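A.B. asks: I'd like to ask some things about the structure below.
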Amino acid sequence: MSEVRGSNSWRDELASLVSDSGIRYAAADPIEVPTASFDAQASDFDPGELEQSESFKDQIKGFAIAWGEILVDLGRGCKDIVEQNILTEDSYIVRKLRKPCAKASAKLRYLNEFLPEDRDPAHAWPVIFFVSILALTAMNFSTEHDSLVRSVKKVQIHPPSASHVLLPDGRRLAYHEQGVPAERTRFLLIAPHSFLSSRLAGIPGIKISLLEEFGIRLVTYDLPGFGESDPHPGRDLNSSALDMLYLANGIGFDDKFWVLGHSSGAMHAWASLRYIPDRVAGAAMVAPIINPYEPGMTKEERKKIWELWVLRRKVMYFLARRFPKFLSSFYRRSFLSGKHDRIDRWLSLSLGKKDEILIEDPKIEEYMQRDVEESIRQGSIKPFMEEAVLQVSDWGFSLADLQVQKQCQQRGFLRLFRSMYSEAECVLTGFLGQIHIWQGMGDMIVPPTVTDYIARVLPGAYVHKLPNEGHFSYLYFCDECHRQIFATLFGSPQGPVEKKVATDTTPSEGNSEEI
Numbered sequence: 000m001s002e003v004r005g006s007n008s009w010r011d012e013l014a015s016l017v018s019d020s021g022i023r024y025a026a027a028d029p030i031e032v033p034t035a036s037f038d039a040q041a042s043d044f045d046p047g048e049l050e051q052s053e054s055f056k057d058q059i060k061g062f063a064i065a066w067g068e069i070l071v072d073l074g075r076g077c078k079d080i081v082e083q084n085i086l087t088e089d090s091y092i093v094r095k096l097r098k099p100c101a102k103a104s105a106k107l108r109y110l111n112e113f114l115p116e117d118r119d120p121a122h123a124w125p126v127i128f129f130v131s132i133l134a135l136t137a138m139n140f141s142t143e144h145d146s147l148v149r150s151v152k153k154v155q156i157h158p159p160s161a162s163h164v165l166l167p168d169g170r171r172l173a174y175h176e177q178g179v180p181a182e183r184t185r186f187l188l189i190a191p192h193s194f195l196s197s198r199l200a201g202i203p204g205i206k207i208s209l210l211e212e213f214g215i216r217l218v219t220y221d222l223p224g225f226g227e228s229d230p231h232p233g234r235d236l237n238s239s240a241l242d243m244l245y246l247a248n249g250i251g252f253d254d255k256f257w258v259l260g261h262s263s264g265a266m267h268a269w270a271s272l273r274y275i276p277d278r279v280a281g282a283a284m285v286a287p288i289i290n291p292y293e294p295g296m297t298k299e300e301r302k303k304i305w306e307l308w309v310l311r312r313k314v315m316y317f318l319a320r321r322f323p324k325f326l327s328s329f330y331r332r333s334f335l336s337g338k339h340d341r342i343d344r345w346l347s348l349s350l351g352k353k354d355e356i357l358i359e360d361p362k363i364e365e366y367m368q369r370d371v372e373e374s375i376r377q378g379s380i381k382p383f384m385e386e387a388v389l390q391v392s393d394w395g396f397s398l399a400d401l402q403v404q405k406q407c408q409q410r411g412f413l414r415l416f417r418s419m420y421s422e423a424e425c426v427l428t429g430f431l432g433q434i435h436i437w438q439g440m441g442d443m444i445v446p447p448t449v450t451d452y453i454a455r456v457l458p459g460a461y462v463h464k465l466p467n468e469g470h471f472s473y474l475y476f477c478d479e480c481h482r483q484i485f486a487t488l489f490g491s492p493q494g495p496v497e498k499k500v501a502t503d504t505t506p507s508e509g510n511s512e513e514i
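At position 82 of the sequence shown (counting the first as 1) the number is 81 in my numbering, and the numbers step up by one without a gap.
Structure representation (structure tokens):
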């Protein structure tokens, strides 16, 4: 009975779904419906099968796809509305923004040179912009996360300890001496420090006995505004070279001296070769930087150098060149925050394997932290911004200007006829002394491609390539490396200059004797 009722109810529901067509049939025998097969199929139906075929996950997925299609259509519609009503030639917005946008586009058009030739700038720059925003956000998040994990050491300010010389403009220049005394100096070596460093850097780990063996007087000094040196508003590389000249005169050395430049400190060493070549005997450069926007570089050379740097370092160079005021927020959140951190995180540097191992050494870490503490002693952000701008701005000269060249000049209106009877007056230009460059082949901060460019424009420079060495590993606490540098520059060690013994010619009783 239940089966019959079920079939009748099914027939009633089916009949209710069919509208009355108005056709009437004559009375006849009722049509037999084979309910057995239908009931068999109904008995085989499993409700869980429908639930499995259309789960909650599938419903969410279908809902998301539908909404995505709706949003795409909505975006296309909004785009059409904007193009037809707002971005027309006669619209108010276009008329007001056309000229400013054209000026901005003309000023920023030079950036298209950094893009691959097969990339459309209109599509590439928006992608670069949004990727940069995401990268900066990720870096800030990772920095905050790391600061919570690592133990934080606060910056300490130590009592003053520097000697000073008074410069002609009234500024005080702080310096530090190592090696032989003034009266026994055979070689004077002046070393300007790099970014976020001080006079305490010098040659890290240098032994006084080695300096005395070669008769070297090593003098390091604080750049203007760093350490204990007075700031110098409007300083440039010309004034930086003059500071070295006045320093040498102030400590009583009137002869030629040598310069040592490591990393960004090489910028000031290059300036001394250009602006005071008559007082510089030679230069030692260890992983020297150049202007990243050096005009003499080809597009391929610039690409090889820039592609090895991390994104944040590229951004910092761009800000220093175009928007230097934005650097203050980065500096205040890093090395001017009053807390210590690794140097590579502060300066957005990528280190090689040997440098990574080196800076993990507690002795090296303590040395670097003490150097940084002295560098930021004055707590002013201005000297660091000035130093960053100097690196990427016009130096006033190119490295090619240091190449020794022979220039001949003729005077008078009839110089062409005079040249037939007299030789032209010729002078040598450029830097006439020796330039030695030590470059680690595993250096990721100043890659070897930088030295390749220097060797191309200065073919007279001596390049010493160091396999398996990084940016810091060859100069920091390496006694054998220090000896190799001094032997290359000064030859065999001769020791300090012997004191001159005064002669006494006063006659005495008996035979006069000269001492």
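We put the CB at the ideal spot given by N, CA and C, even for glycine. Note that the structure is predicted; figures quoted are calculated from it, not measured.
Check whether the Cβ of Gly-494 lies closer than 7 Å to any heavy atom of the ligand NAP, and answer yes or no.
C.D. replies: Looking for the ligand NAP in the displayed structure turns up nothing, as the structure carries no ligands at all.
A.B. asks: Quick one: what does DSSP say Thr-219 is sitting in, helix, strand or coil?
C.D. replies: Residue 219 sits at position 220 when you count from the first residue of the sequence shown. DSSP places Thr-219 in strand when its eight states are reduced to three.
A.B. asks: Pro-159 by DSSP, collapsed to three states: which one?
C.D. replies: Position 160 of the sequence shown holds residue 159. Three-state result, Pro-159: coil.
A.B. asks: Cα separation between Val-179 and Val-314?
C.D. replies: As a first step, residue 179 must be located in the sequence shown, where it is residue number 180. As a first step, residue 314 must be located in the sequence shown, where it is residue number 315. If you take the alpha carbons of Val-179 and Val-314, they lie about 44 Å apart.
A.B. asks: Going by beta carbon distance, what residues of the same chain come within less than 6 Å of Arg-320, once the five residues before and after it are set aside?
C.D. replies: Here residue 320 is taken as the residue at index 321 of the sequence shown, counted from 1. The answer, listed in chain order, is Val-391.
A.B. asks: For Thr-219, which residues in the same chain have their Cβ closer than 6 Å to its Cβ, ignoring the five residues on either side in sequence?
C.D. replies: Numbered from 1 along the sequence shown, position 220 holds the residue referred to as residue 219. Here the set comprises His-175, Ala-190, Arg-198, Gly-201.
A.B. asks: From Ser-349 to Arg-273, what distance separates their C-alpha atoms?
C.D. replies: Numbered from its first residue, the sequence shown carries residue 349 at position 350. Numbered from its first residue, the sequence shown carries residue 273 at position 274. Using only the alpha carbons, I get a separation of about 31 Å.
A.B. asks: What are the boundary residues of the alpha helix (DSSP H) that Val-388 is part of?
C.D. replies: The count along the sequence shown starts at 1 and reaches residue 388 at position 389. Unbroken alpha helix (DSSP H) run through Val-388: 381 to 391.
A.B. asks: From Ser-374 to Gly-337, what does the alpha carbon distance come to, in whole angstroms?
C.D. replies: By one-based count along the sequence shown, residue 374 stands at place 375. By one-based count along the sequence shown, residue 337 stands at place 338. Taking the straight line from one Cα to the other gives about 13 Å.
A.B. asks: With respect to the beta strand (DSSP E) encompassing Ala-190, which residues constitute its N-terminal and C-terminal limits?
C.D. replies: Translated into the one-based positions of the sequence shown, residue 190 becomes position 191. Its beta strand (DSSP E) spans residues 186 to 191.
A.B. asks: From the DSSP output, which residues share a beta bridge with Cys-425?
C.D. replies: To locate residue 425, count along the sequence shown from 1; it is residue 426. Per DSSP, Cys-407.
A.B. asks: To which residues of the same chain is Leu-465 closer than 7 Å at the C-beta, ignoring the five residues directly before and after it?
C.D. replies: Here residue 465 refers to the residue found at position 466 when the sequence shown is read from its first residue. Result list for Leu-465: Trp-437, Gln-438, Gly-439, Met-440, Tyr-473, in chain order.
A.B. asks: Thinking C-beta only, is Leu-389 closer than 8 Å to Leu-236?
C.D. replies: The sequence position of residue 236 within the sequence shown is 237, counting from 1. The sequence position of residue 389 within the sequence shown is 390, counting from 1. Taking 8 Å as the Cβ cut-off, Leu-236 and Leu-389 qualify as a contacting pair.
A.B. asks: With a threshold of 8 Å, are at least 3 pairs of Cβ atoms found where one atom belongs to the region 204 to 221 and the other to the region 266 to 281?
C.D. replies: No, because fewer than three Cβ pairs between the region 204 to 221 and the region 266 to 281 fall closer than 8 Å, the two stretches do not touch.
A.B. asks: Ignore the nearest five residues each way along the sequence and tell me which others in Leu-488's own chain have a CB closer than 7 Å to its CB.
C.D. replies: To locate residue 488, count along the sequence shown from 1; it is residue 489. Cβ neighbours of Leu-488 beyond the five flanking positions: Trp-257, Gly-281, Ala-283, His-435.
A.B. asks: Are the beta-carbon atoms belonging to Tyr-475 and Gly-204 less than 8 Å from one another?
C.D. replies: Position 476 of the sequence shown holds residue 475. Position 205 of the sequence shown holds residue 204. Closer than 8 Å, so yes.
A.B. asks: If you draw a straight line from the alpha carbon of Gln-402 to that of Asn-290, how long is it in whole angstroms?
C.D. replies: If you number the sequence shown from 1, residue 402 lands on position 403. If you number the sequence shown from 1, residue 290 lands on position 291. The straight-line gap from Cα to Cα measures roughly 17 Å.
A.B. asks: Can the beta-carbon of Pro-230 be found closer than 8 Å to that of Lys-381?
C.D. replies: Counting from one through the sequence shown, the residue named residue 230 turns up at place 231. Counting from one through the sequence shown, the residue named residue 381 turns up at place 382. Yes. Within cutoff.
A.B. asks: List the endpoints of the continuous beta strand (DSSP E) containing Ala-173.
C.D. replies: If you number the sequence shown from 1, residue 173 lands on position 174. Where Ala-173 is concerned, the enclosing beta strand (DSSP E) stretches over 171 to 178.
A.B. asks: Would you kindly work out how many angstroms separate the C-alpha atoms of Gly-469 and Ile-363, rounded to a whole number?
C.D. replies: Taking the first residue of the sequence shown as 1, we reach residue 469 at position 470. Taking the first residue of the sequence shown as 1, we reach residue 363 at position 364. Gly-469 and Ile-363: Cα-Cα distance of roughly 15 Å.
A.B. asks: Quick check on Ala-282: does DSSP put it in helix, strand or coil?
C.D. replies: Counting from one through the sequence shown, the residue named residue 282 turns up at place 283. DSSP places Ala-282 in strand when its eight states are reduced to three.
A.B. asks: Curious, which full-length beta strand (DSSP E) runs of at least 3 residues does the region 426 to 505 contain?
C.D. replies: Qualifying beta strand (DSSP E) stretches, in chain order: 433 to 439, 461 to 465.
A.B. asks: Looking only at C-alpha atoms, which of Leu-195, Asn-84, Lys-303 sits nearest to Val-449?
C.D. replies: For the purposes of this step, residue 449 is taken as residue 450 along the sequence shown, with counting starting at 1. Comparing Cα-Cα distances from Val-449 to each of Leu-195, Asn-84, Lys-303, the minimum goes to Lys-303.
A.B. asks: Gly-61 by DSSP, collapsed to three states: which one?
C.D. replies: As a first step, residue 61 must be located in the sequence shown, where it is residue number 62. Note: Gly-61 maps to helix in three-state DSSP.
A.B. asks: Under DSSP, the alpha helix (DSSP H) around Gly-249 begins and ends at which residues?
C.D. replies: By 1-based counting over the sequence shown, the position of residue 249 is 250. Start and end: 236 to 249.
A.B. asks: So, helix, strand or coil for Gly-260, using DSSP?
C.D. replies: Within the sequence shown, residue 260 is the residue found at index 261, counting from 1. Residue state, collapsed to three classes: strand.
A.B. asks: Please name the residue in Phe-186, Lys-78, Ser-397, Gly-74 whose C-alpha comes closest to that of Ser-491.
C.D. replies: Here the question's residue 491 lines up with position 492 in the sequence shown. For Ser-491, the nearest C-alpha among the options comes from Phe-186.
A.B. asks: Helix or strand or just coil, what does DSSP make of Leu-165?
C.D. replies: Stepping through the sequence shown from its first residue, residue 165 is reached at position 166. Correct three-state label for Leu-165: strand.
A.B. asks: Compare the C-alpha of His-463 against each of Val-130, Val-285, Arg-234, Ile-127 and name the closest.
C.D. replies: Along the sequence shown, one-based indexing puts residue 463 at 464. Taking only the C-alpha atoms, the option nearest His-463 is Val-285.
A.B. asks: Identify every run of the alpha helix (DSSP H) within the region 308 to 356, keeping only runs that are complete inside it and at least 4 residues long; order them along the chain.
C.D. replies: As far as the region 308 to 356 is concerned, its whole alpha helix (DSSP H) runs of at least 4 residues are 310 to 321, 326 to 332, 342 to 345.
A.B. asks: In terms of residue numbering, what span does the alpha helix (DSSP H) encompassing Arg-301 cover?
C.D. replies: As a first step, residue 301 is located in the sequence shown; it is residue number 302 there, counting from the start. Run containing Arg-301: 298 to 305, per the alpha helix (DSSP H) assignment.
A.B. asks: Can you tell me the Cα-Cα spacing of Ser-228 and Tyr-91, whole angstroms?
C.D. replies: Here residue 228 corresponds to residue number 229 of the sequence shown, with the count starting at 1. Here residue 91 corresponds to residue number 92 of the sequence shown, with the count starting at 1. About 56 Å.
A.B. asks: Which residue wins for smallest C-alpha separation from Arg-331, given the options Met-384, Asp-343, Thr-297, Arg-312?
C.D. replies: Translated into the one-based positions of the sequence shown, residue 331 becomes position 332. For Arg-331, the nearest C-alpha among the options comes from Met-384.
A.B. asks: Should Gly-351 and Asp-253 be called a contact, given that it needs their Cβ atoms to be closer than 8 Å?
C.D. replies: Taking the sequence shown and counting its residues from 1, one reaches residue 351 at position 352. Taking the sequence shown and counting its residues from 1, one reaches residue 253 at position 254. Not closer than 8 Å, so no.
A.B. asks: Name the one or two DSSP bridge partners that Lys-206 has.
C.D. replies: Counted from its first residue, the sequence shown places residue 206 at position 207. DSSP output for Lys-206 lists no bridge partner at all.
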